[in-house]
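Right, one structure below, let's go through it.
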Amino acid sequence: MSRDRALLERALDRGEQDGGNVEFKERLSRDVHLEGGRRESLAAQLRHRLLSGDGEATYAVGVTDDGGLAGIDPDTFSETMDVLSLLAEEADAHIDDVQTWGINGGSDANDSDGDRSSTASDRGLVGLATIQEGSVLETDDEHVVVGTAGHVDHGKSTLVGSLVTGNADDGNGATRSFLDVQPHEVERGLSADLSYAVYGFDDDGPVRVRNPNRKADRAAVVEEAERLVSFVDTVGHEPWLRTTIRGLVGQKLDYGLLVVAADDGPTRTTREHLGVLLATDLPTIVAITKTDAVDDERVEEVEREVERLLRDVDKSPLRVSRHGVDAAVDEISERVVPIVETSAITMDGLETLDELFDRLPKTSQDTGEFRMYVDRSYSVTGVGAVASGTVMAGEVEAGDELLLGPMPDGRFQEVEVRSIEMHYHRVDTARAGRIVGIALKGVKESAIERGMALLPREADPTPVREFDAEVMVLNHPTRIGDGYEPVVHLETIGEAAAFHPEDGRLLPGDTGETTVRFKFRPYLVEEGQKFVFREGRSKGVGTVTDVHPVH
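As numbered in UniProt numbering, residues 1 to 551 make up the sequence shown, in order.
Printed below as a string of structure tokens:
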């Protein structure tokens with residue numbers, strides 16, 4: 001029996017004592033338990049359990065009145081959680097944690113690592129819902145999102161791991177393990193950790209992750225910090241440049257953090273990643289890492305190489321060691337790029353990065369109604385389909401009615417928000433810039449695809465298969481002619497598309513007009529959106545100038 005299953009056994013052993021905080025419910029339904037006086041009666045019962053448990057209550061679901069394991073199907077379990085959430089809100093409380101198990105098959109739906117068994121839904125579910133007194137955390141705090149980039153083995157993940165924990169690396173990349181390598185690993189309820197790492201600040205300084213291996217400790221940072229800094233860590237291996245582009249283009253980033261190792265210097269990958277960052281007009285910081293591995297002369301040599309690289313693309317380097325943090329905060333822009341010397345082993349330069357991330361203003365703007373492009377989707381037992389990504393505009397609340405799409409046939413499907421989580425912490429509201437997982441009612445996970453958008457129900461979105469754009473060719477061996485088919489990266493969309501240049505061809509360094517047509521299906525595309533296109537080592541950037549709606 002797993003440790004978590006033992007929690008269920010203990011809850012059943014304690015039973016529904018008159019003065020206890022445990023309640024047995026086989027199921028709850030909207031039609032029965034929210035009608036008439038039942039809602040008020042059940043909310044009063046919940047308040048009694050909270051009072052008995054000093055602000056915490058445990059509800060065993062899928063359990064008979066005498067503690068027998070009845071089990072309920074996943075859809076009924078989801079509805080029960082919906083009703084319980086509404087009762088908790090009535091009692092000025094919230095569901096803090098949900099754990100589920102499959103029964104009748106003899107094994108847990110959750111193993112000790114939190115993985116969901118593929119056969120759990122065939123057996124029926126029982127679960128434990130932990131309810132805490134007080135409203136769910138509101139996310140009013142400023143939240144800065146930083147995208148990392150740079151060559152493999154230059155120390156991106158190690159640097160971020162040391163920043164968020166305050167721990168020095170051991171020289172073998174130990175702090176790299178503090179980042180999630182699977183951003184949507186689900187440990188309980190629904191979780192989204194697209195950013196891989198988070199830390200924050202309050203009046204006393206940095207609020208770091210105490211134990212990076214515990215999801216609850218990362219959730220605690222979200223709750224305690226007055227200002228959050230999330231990191232979207234990208235892939236340094238050249239074959240996965242597509243993934244890197246998606247990480248930098250598909251999130252609502254405020255800043256880029258480009259790392260260059262002092263023992264290696266700028267590489268072709270460094271130049272490619274810098275090109276993507278600057279082509280999207282993202283203010284960027286360069287961190288020269290591994291300064292402990294070389295002498296001062298080598299650090300100076302690499303810093304000069306970085307400065308030449310920046311000047312070659314019409315950017316102005318600013319050495320923070322020479323000009324100070326105040327100048328970096330005041331001057332950083334699409335044109336001015338601060339440079340910081342760092343070592344995750346000696347921790348040199350990390351206080352400088354802390355000060356920068358504490359003081360740098362949020363740059364992405366929140367304009368218009370709610371909009372989120374789906375980056376990943378997954379299914380959680382007892383919760384259902386989850387779409388995760390970055391809120392690009394507006395805000396979304398639990399219970400909101402939304403549109404999801406376009407589907408491959410161009411239609412948009414009506415869905416409802418069951419619940420929202422950010423960095424393993426459940427929230428009532430998510431605003432622009434938040435990286436979240438949204439549990440959706442009314443759609444199966446198999447129908448959700450990367451590149452789809454979530455919009456308000458009252459929106460009138462139009463699917464787009466073809467659009468006009470102004471593009472700049474950054475790199476191409478010959479010329480781009482009619483019918484050229486690169487992959488277009490726009491928001492979280494990554495789709496092959498055919499180019500039809502207005503003048504018939506485009507050469508490296510050219511800027512021109514072209515029509516772009518997605519090869520397989522329509523998406524939500526709007527005028528003014530920026531995109532990156534690539535095919536092999538050919539790369540370019542563009543801006544949507546007009547759209548041709550699908551009729």
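Ideal Cβ positions, reconstructed from N, Cα and C, are used throughout, including at glycine.
Please go through the same chain and pick out, in chain order, the residues whose beta-carbon is closer than 7 Å to the beta-carbon of His273, but skip the five residues on each side of it.
-> Counted from its first residue, the sequence shown places residue 273 at position 273. So the qualifying residues of the chain are Ala149, Gly150, Thr244, Leu258.
Classify Arg359 as helix, strand or coil using the three-state DSSP reduction.
-> Position 359 of the sequence shown, counted from the start, is the residue given in the question as residue 359. Helix.
Sheet register partners of Met372 (DSSP bridge) | On the sequence shown, residue 372 is found 372 positions in, with the first residue counted as 1. Partner(s): Val391, Leu454.
Going by the beta-carbon positions, is the gap between Arg218 and Val232 smaller than 8 Å?
-> Position 218 of the sequence shown holds residue 218. Position 232 of the sequence shown holds residue 232. Cβ atoms of Arg218 and Val232: not closer than 8 Å.
Helix, strand or coil at Met81 [DSSP, three-state] = On the sequence shown, residue 81 is found 81 positions in, with the first residue counted as 1. It is helical.
Counting only runs of 3+ residues fully inside the stretch 423-449, write out the beta strand (DSSP E) ranges in chain order.
-> 425-427, 429-431, 435-441
Please state if the CB of Gly405 and the CB of Gly453 are separated by a distance shorter than 8 Å.
-> To locate residue 453, count along the sequence shown from 1; it is residue 453. To locate residue 405, count along the sequence shown from 1; it is residue 405. As written in the sequence, residue 453 is Ala, which differs from the Gly given in the question. Cβ distance < 8 Å, so Ala453 and Gly405 count as in contact.
Determine the contact status of Glu445 and Tyr378, defining contact as a CB-CB distance below 8 Å.
-> Stepping through the sequence shown from its first residue, residue 445 is reached at position 445. Stepping through the sequence shown from its first residue, residue 378 is reached at position 378. The answer is yes: Cβ separation under 8 Å.
Where does His548 fall in DSSP's three states?
-> As a working mapping, residue 548 is identified with position 548 in the sequence shown. His548 falls in the strand class under three-state DSSP.
List the endpoints of the continuous alpha helix (DSSP H) containing Val313.
-> To locate residue 313, count along the sequence shown from 1; it is residue 313. Element bounds for Val313: n/a, residue is neither H nor E.
Taking buried to mean at least 16 other C-beta atoms within 10 Å of its own C-beta, is Pro361 buried or exposed?
-> Sequence index remark: in the sequence shown, residue 361 carries index 361 (1-based). Under this definition Pro361 is an exposed residue.
Of the listed residues Gln413, Glu355, Thr511, Val525, nearest to Gly442 (C-alpha basis) = If you number the sequence shown from 1, residue 442 lands on position 442. Minimum Cα distance to Gly442 is reached at Gln413.
Keeping to the same chain, check which residues put their C-beta closer than 8 Å to that of Trp240; ignore five residues upstream and five downstream.
-> Within the sequence shown, the letter at position 240 stands for residue 240. Any reading at Trp240 is ruled out, since the residue's pLDDT is 42, under 50, leaving its predicted position unreliable.
So what's Asp409 in DSSP terms, helix, strand or just coil?
-> As a working note, residue 409 is residue 409 in the sequence shown. Residue state, collapsed to three classes: coil.
Of the choices Thr390, Leu350, Asn211, whose alpha-carbon is the least far from that of Gly451?
-> Mapped onto the sequence shown, residue 451 falls at position 451. Ranking Thr390, Leu350, Asn211 by Cα distance to Gly451 puts Thr390 first.
Specify the secondary structure class of Val152 as computed by DSSP and reduced to three states.
-> Here residue 152 is taken as the residue at index 152 of the sequence shown, counted from 1. In this structure, Val152 counts as coil in the three-state DSSP scheme.
What did DSSP end up calling Gly483 once you bin it into helix, strand or coil?
-> On the sequence shown, residue 483 is found 483 positions in, with the first residue counted as 1. In this structure, Gly483 counts as coil in the three-state DSSP scheme.
Quick one: any contact between the stretch 19-35 and the stretch 80-89, if contact means 3 or more CB pairs under 8 Å?
-> yes
Nearest-angstrom beta carbon gap, Gly147 and Lys539 [assumed within contact, 8 Å] = Locating residue 539 in the sequence shown gives position 539, counting from the first residue. Locating residue 147 in the sequence shown gives position 147, counting from the first residue. Their Cβ separation, rounded to whole angstroms, is 17 Å, which puts Lys539 and Gly147 out of contact at 8 Å.
Run through DSSP, which three-state label would Val209 get?
-> For the purposes of this step, residue 209 is taken as the residue at position 209 of the sequence shown. Val209 falls in the coil class under three-state DSSP.
Gly275, DSSP secondary structure in three states = Within the sequence shown, residue 275 is the residue found at index 275, counting from 1. Note: Gly275 maps to helix in three-state DSSP.
How long is the line joining the alpha carbons of Ala469 and Thr515, rounded to whole angstroms?
-> In the sequence shown, the residue the question calls residue 469 occupies position 469. In the sequence shown, the residue the question calls residue 515 occupies position 515. Ala469 and Thr515: Cα-Cα distance of roughly 6 Å.
At least 3 beta-carbon pairs within less than 8 Å: the stretch 461-468 vs the stretch 479-489 = no
Starting from Ser230, trace the beta strand (DSSP E) both ways and give me its first and last residue.
-> For this step, residue 230 is matched to residue 230 along the sequence shown. Note, Ser230: beta strand (DSSP E), 227-232.
Rounded to a whole number of angstroms, what is the C-alpha to C-alpha distance between Val550 and Thr492?
-> On the sequence shown, residue 550 is found 550 positions in, with the first residue counted as 1. On the sequence shown, residue 492 is found 492 positions in, with the first residue counted as 1. Val550 and Thr492: Cα-Cα distance of roughly 20 Å.
So what's Asp503 in DSSP terms, helix, strand or just coil?
-> The residue you call residue 503 lines up with position 503 of the sequence shown. Coil at Asp503, not helix or strand.
Are the Cβ atoms of Ile288 and Val260 separated by less than 8 Å?
-> Reading the sequence shown from its first residue, position 288 is the one you call residue 288. Reading the sequence shown from its first residue, position 260 is the one you call residue 260. In contact: Ile288 and Val260 (Cβ atoms closer than 8 Å).
Simplified DSSP assignment, three categories, for Ser321 | Sequence index remark: in the sequence shown, residue 321 carries index 321 (1-based). Of the three classes helix, strand and coil, the one that applies to Ser321 here is helix, per DSSP.
Given a threshold of 16 other Cβ atoms within 10 Å of its Cβ, counted over all protein chains shown, does Thr280 qualify as buried or as exposed?
-> On the sequence shown, position 280 is the one that residue 280 refers to. Buried is the call here.
In the structure shown, what three-state DSSP assignment does Ala496 receive?
-> Counting from 1 along the sequence shown, the entry for residue 496 is found at position 496. Strand, per DSSP.
Three-state secondary structure (DSSP) of Thr76 = Taking the first residue of the sequence shown as position 1, residue 76 is located at position 76. Note: Thr76 maps to helix in three-state DSSP.
In the DSSP assignment, what are the bridge partners of Ala385?
-> Taking the sequence shown and counting its residues from 1, one reaches residue 385 at position 385. Note: Ala385 sits in a beta bridge opposite Ser379, Leu440.
DSSP three-state call for Thr58: helix, strand or coil?
-> Along the sequence shown, read from residue 1 onward, the residue named residue 58 stands at position 58. Strand at Thr58.
N-terminal and C-terminal residue of the beta strand (DSSP E) that Gln529 is part of | Position 529 of the sequence shown holds residue 529. First-last for Gln529: undefined, no H or E at that position.
Look at the alpha carbon of Ser41 and the alpha carbon of Gly127, and state the distance between them as a whole number of angstroms.
-> What you label residue 41 is simply residue 41 of the sequence shown in a count that begins at 1. What you label residue 127 is simply residue 127 of the sequence shown in a count that begins at 1. Cα-Cα distance, rounded: 22 Å.
Along the chain, where does the alpha helix (DSSP H) that runs through Ala43 open and close?
-> Indexing the sequence shown from 1 puts residue 43 at position 43. Counting along the chain, the alpha helix (DSSP H) containing Ala43 begins and ends at 38-52.
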